[in-house]
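Trainee:
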Amino acid sequence: MIRFFLCAWLAVGGIAVSSAASSTGQLVFKDCWFVPARDWPLTQCGVLKVPEDYAKQRGQQIELPFIIFKAKNKRQKSQPLVIAGGGGPGYPLGIAATDMKDTEGSVWTNWYYASIDAGRDLVLIDNRGVGSARPRLDCVEIEDTAMDLLHQKLERKELKKQIGQAYAACKKRLLKQDIDLNQYHILNAADDLEQLRLSLGVTQFNVYGGSYGSRVALVYERLYPQSVRALILDSIFPQSIETYEQEPRRNYEAIMRIIDKCNRDHHCQRLMGTDLDKRLAGFLAQLDEQPLHIRAISPIDDQPVDVKVTPQMFFDTLYMALYDGDIIHQIPYFLHTIINGNRDHLATLISEYYIAEVSVDSIDEGAYASYACFDEIPFVDFTEARQELTKYPLQHYSNELVFDHMEIMCEVWNIAAAPSNFRQTYKIDTPLLIYAGELDPVTPIELARPVIDNARRWWAAVWPNVSHSVMSYSACSDRVAAAFLHDPETDPFIHACAKVADKMIQRDGDASLR
Numbered sequence: 003m004i005r006f007f008l009c010a011w012l013a014v015g016g017i018a019v020s021s022a023a024s025s026t027g028q029l030v031f032k033d034c035w036f037v038p039a040r041d042w043p044l045t046q047c048g049v050l051k052v053p054e055d056y057a058k059q060r061g062q063q064i065e066l067p068f069i070i071f072k073a074k075n076k077r078q079k080s081q082p083l084v085i086a087g088g089g090g091p092g093y094p095l096g097i098a099a100t101d102m103k104d105t106e107g108s109v110w111t112n113w114y115y116a117s118i119d120a121g122r123d124l125v126l127i128d129n130r131g132v133g134s135a136r137p138r139l140d141c142v143e144i145e146d147t148a149m150d151l152l153h154q155k156l157e158r159k160e161l162k163k164q165i166g167q168a169y170a171a172c173k174k175r176l177l178k179q180d181i182d183l184n185q186y187h188i189l190n191a192a193d194d195l196e197q198l199r200l201s202l203g204v205t206q207f208n209v210y211g212g213s214y215g216s217r218v219a220l221v222y223e224r225l226y227p228q229s230v231r232a233l234i235l236d237s238i239f240p241q242s243i244e245t246y247e248q249e250p251r252r253n254y255e256a257i258m259r260i261i262d263k264c265n266r267d268h269h270c271q272r273l274m275g276t277d278l279d280k281r282l283a284g285f286l287a288q289l290d291e292q293p294l295h296i297r298a299i300s301p302i303d304d305q306p307v308d309v310k311v312t313p314q315m316f317f318d319t320l321y322m323a324l325y326d327g328d329i330i331h332q333i334p335y336f337l338h339t340i341i342n343g344n345r346d347h348l349a350t351l352i353s354e355y356y357i358a359e360v361s362v363d364s365i366d367e368g369a370y371a372s373y374a375c376f377d378e379i380p381f382v383d384f385t386e387a388r389q390e391l392t393k394y395p396l397q398h399y400s401n402e403l404v405f406d407h408m409e410i411m412c413e414v415w416n417i418a419a420a421p422s423n424f425r426q427t428y429k430i431d432t433p434l435l436i437y438a439g440e441l442d443p444v445t446p447i448e449l450a451r452p453v454i455d456n457a458r459r460w461w462a463a464v465w466p467n468v469s470h471s472v473m474s475y476s477a478c479s480d481r482v483a484a485a486f487l488h489d490p491e492t493d494p495f496i497h498a499c500a501k502v503a504d505k506m507i508q509r510d511g512d513a514s515l516r
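Here it is in structure tokens:
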């Protein structure tokens with residue numbers, strides 16, 4: 003998911019499976035491109051080379067670096083846990099050389115108990131076109147445009163023009179590099195995972211997918227069910243849901259969940275009042291009439307930058323902050339102080355959750371375009387999506403521009419869409435463990451419904467006071483995942499810490515959320 007500026011095939015099992023079912027990848031182990039910290043597990047690094055186009059086995063190759071964090075005491079016949087790329091699509095896992103400098107916050111720790119401590123290797127690999135992958139479909143043109151617009155408030159027509167020009171410039175540059183933008187999509191990403199499995203000589207993978215990675219994991223299981231032992235789906239984002247048509251409601255509910263939580267807490271209610279939603283609506287209306295001029299710090303160079311805070315920018319900043327489990331509980335306080343005139347707090351949020359997201363922490367926009375214009379945007383009814391905006395007035399400040407952005411992006415990118423039956427539901431025999439955060443702004447538990455309804459064996463939990471990406475914030479969820487991978491057919495909620503979660507456990511003949 004992204005906000006505005008952040009924002010030969012054979013039919014098998016309903017969708018396509020490619021010639022990648024046989025081994026076509028080349029795997030080379032090499033020295034790691036980072037220096038592990040002293041307390042890290044043993045690491046092994048390498049590069050998987052696969053065809054850019056699986057229909058052209060002798061054509062251009064792409065490179066997918068990977069890292070294997072070795073189990074402490076590897077158990078006999080244990081199968082690795084592979085992480086099916088980052089979210090987005092287009093967000094990296096953080097395994098590129100530039101990201102691995104900060105060893106203190108390495109992402110591998112999210113799955114420590116479920117993998118390394120449990121006697122199984124942990125494998126990290128970015129999706130094609132993303133992060134450490136080569137080529138990387140990043141669009142500096144879009145990031146530069148977003149930075150240029152920080153101090154402007156353009157009319158909608160001019161804004162759409164600038165978006166289109168930025169995507170066109172990026173596309174032109176990528177095409178000059180002989181990159182086939184039609185090949186960077188979820189089906190090929192699933193094929194890449196299968197090539198990794200075959201090249202490593204592994205019988206089966208356990209697969210973790212978070213956010214868009216959960217969609218990659220599900221598609222991999224659909225194409226290669228015998229290759230997957232178990233699936234952990236964190237902040238699930240399946241292919242069969244209506245995304246943008248329901249986005250206005252989900253965005254509104256995400257904001258109201260945190261405000262309602264404050265209203266139910268006596269201390270928070272006393273400090274912030276009970277009308278925070280009404281004051282937020284009034285503040286956005288004021289920004290629409292007269293944007294605020296502030297000076298924020300650019301995370302690019304730590305220098306001051308002039309910013310014109312429009313309601314769109316503020317709403318998007320607020321929305322991105324909802325993803326952050328470390329700050330989400332402070333959002334009512336920040337809203338209260340900002341609405342009451344605290345410009346320092348406003349500048350801090352804009353710097354960390356808007357400017358950073360369109361610059362140093364930005365998504366790989368070209369990858370996002372290729373993936374989303376293949377499996378998501380072509381299937382969206384934007385007429386229905388815009389009609390939904392009338393029910394949730396706050397949302398027009400952001401969602402309307404998001405819809406414009408997506409339509410323009412795919413018009414410029416102009417790639418082939420996924421097969422028409424890509425979004426159909428299907429039966430899943432592989433055991434599933436599904437996580438959702440109570441405060442998740444983008445992938446609430448309701449999105450699990452089409453998957454649960456078609457799964458043979460599943461376990462699910464909503465984790466209280468957690469936002470997006472449960473395993474990034476809950477050590478207990480890692481321990482539950484370890485129990486699940488030990489025996490995917492039995493109840494994994496055996497640890498006392500899991501009592502806080504709102505668990506949904508499959509009963510015989512019952513696959514309902516309760």
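Residues 3 to 516 (my numbering) make up the sequence shown, in order. All residues carry an ideal CB built from backbone N, CA and C; glycine is no exception.
1. Could you give the residue range of the beta strand (DSSP E) that holds T385?
2. Checking the sheet assignment: what are the DSSP bridge partners for D504?
3. Roughly how many angstroms separate the alpha carbons of V517 and P240, rounded to a whole number?
4. For the alpha helix (DSSP H) containing K174, name the first residue and the last one.
5. Rounded to whole angstroms, what is the Cα-Cα separation between E359 and G61?
6. Take the Cβ of S518 as the centre, count every other Cβ of all protein chains shown within 10 Å, and call the residue buried at 16 or more, exposed below.
7. Looking only at C-alpha atoms, which of Q46, F36, C47, K74 sits nearest to T100?
8. How big is the Cα-Cα spacing for Y335 and A148?
9. Expressed to the nearest angstrom, what Euclidean distance is found between the alpha-carbon atoms of R509 and W461?
10. Buried or exposed: T245, going by 16 or more other Cβ atoms within 10 Å of its Cβ?
11. DSSP beta-bridge partners for C375?
12. Tell me whether I365 sits in a helix, a strand or coil according to DSSP, three-state version.
13. Taking the CB atoms as reference points, tell me whether A418 and D377 lie closer together than 7 Å.
14. Of the residues D290, H407, S300, P250, which one's Cα is nearest the Cα of V311?
15. Rounded to whole angstroms, what's the CA-CA distance from Q292 to G211? Just pull it up for me.
16. Please list the terminal residues of the continuous beta strand (DSSP E) segment that includes G212.
17. With distances taken Cα to Cα, identify the nearest neighbour of E390 among P91, P250, Q81.
18. Can you find the residues in the same chain that come closer than 6 Å, C-beta to C-beta, to F317, ignoring five residues on each side of it along the sequence?
19. So, at 8 Å on beta carbons, what are the nonlocal neighbours of L197 in its own chain, with the 5 sequence-adjacent residues on each side left out?
20. Starting from the N-terminal side, write out each stretch of the alpha helix (DSSP H) that is 4 residues or longer and does not extend beyond the segment 297-361.
21. Tell me whether P380 sits in a helix, a strand or coil according to DSSP, three-state version.
22. In whole angstroms, what separates the C-alpha of L189 from that of N112?
23. Exposed or buried, what is V30 when buried is set at 16 or more other beta-carbons lying within 10 Å of its beta-carbon?
24. Is there contact here, the segment 448-466 with the segment 72-92, by at least three beta-carbon pairs under 8 Å?
25. At the level of alpha carbons, what is the spacing between E386 and R281?
26. Expressed to the nearest angstrom, what Euclidean distance is found between the alpha-carbon atoms of S422 and F381?
27. How far does the beta strand (DSSP E) with F71 in it reach, from first residue to last?
28. How many Å lie between D146 and A371 at the Cα?
29. Taking 7 Å as the CB-CB cut-off, is L225 touching chain C?
30. Ignore the nearest five residues each way along the sequence and tell me which others in K155's own chain have a CB closer than 8 Å to its CB.
31. State the CB to CB distance for the pair L126 and F68, rounded to an integer number of angstroms; the pair is presumed to be in contact (CB under 8 Å).
32. For I352, which of Y93, V221, A298, Q185 has the nearest alpha-carbon?
33. Per DSSP, what are the beta-bridge partners of H295 in this structure?
34. On the criterion of 16 or more Cβ atoms from any shown chain inside 10 Å, does H407 qualify as buried, or is it exposed?
35. So, at 8 Å on beta carbons, what are the nonlocal neighbours of D480 in its own chain, with the 5 sequence-adjacent residues on each side left out?
36. Applying the 10 Å Cβ sphere with the 16-neighbour rule, what's the burial state of Q426?
Mentor: Result, derived from the coordinates:
1. First-last for T385: 384-391, but that is the alpha helix (DSSP H), not the beta strand (DSSP E).
2. V464
3. The structure shown has nothing for residue 517, since the chain only spans 3 to 516.
4. 158-178
5. Spanning the two alpha carbons is a distance of roughly 35 Å.
6. This structure does not reach residue 518, given that the chain is present from 3 up to 516, and the question cannot be answered.
7. Per the Cα distances, F36.
8. 28 Å
9. Only weak support is given to the placement of R509: the predicted model assigns it a pLDDT of 45, under 50, and the question is left unresolved by the model.
10. buried
11. DSSP, once it has assigned bridges, lists no residue as partnering C375.
12. coil
13. no
14. D290
15. 43 Å
16. 207-212
17. P250
18. Excluding positions up to five away in sequence, the list reads Y399, S400.
19. It is Gln, not Leu, that sits at residue 197 in the sequence shown. These residues qualify, in order along the chain: A22, S25, T26, G27, L50, V52.
20. Within the segment 297-361, the runs of alpha helix (DSSP H) at least 4 residues long that lie entirely inside it are, in chain order, 313-323, 333-341, 345-352.
21. In the three-state reduction of the DSSP assignment, P380 falls in the helix class, which pools H, G and I.
22. 26 Å
23. V30 sits exposed, since fewer than 16 C-beta atoms from the chains shown fall within 10 Å of its C-beta.
24. no
25. 29 Å
26. S422 and F381: Cα-Cα distance of roughly 9 Å.
27. 63-71
28. 17 Å
29. Structure shown: chain C not included; a single protein chain is present.
30. Annotation for K155: P293, K310, T312 place their beta carbon closer than 8 Å to its own, counting only its chain and skipping 5 residues before and after.
31. 6 Å
32. A298
33. For H295, which the question treats as bridged, DSSP gives the partners K310.
34. buried
35. N112, W113, Y114, Y115, A116, M473
36. exposed
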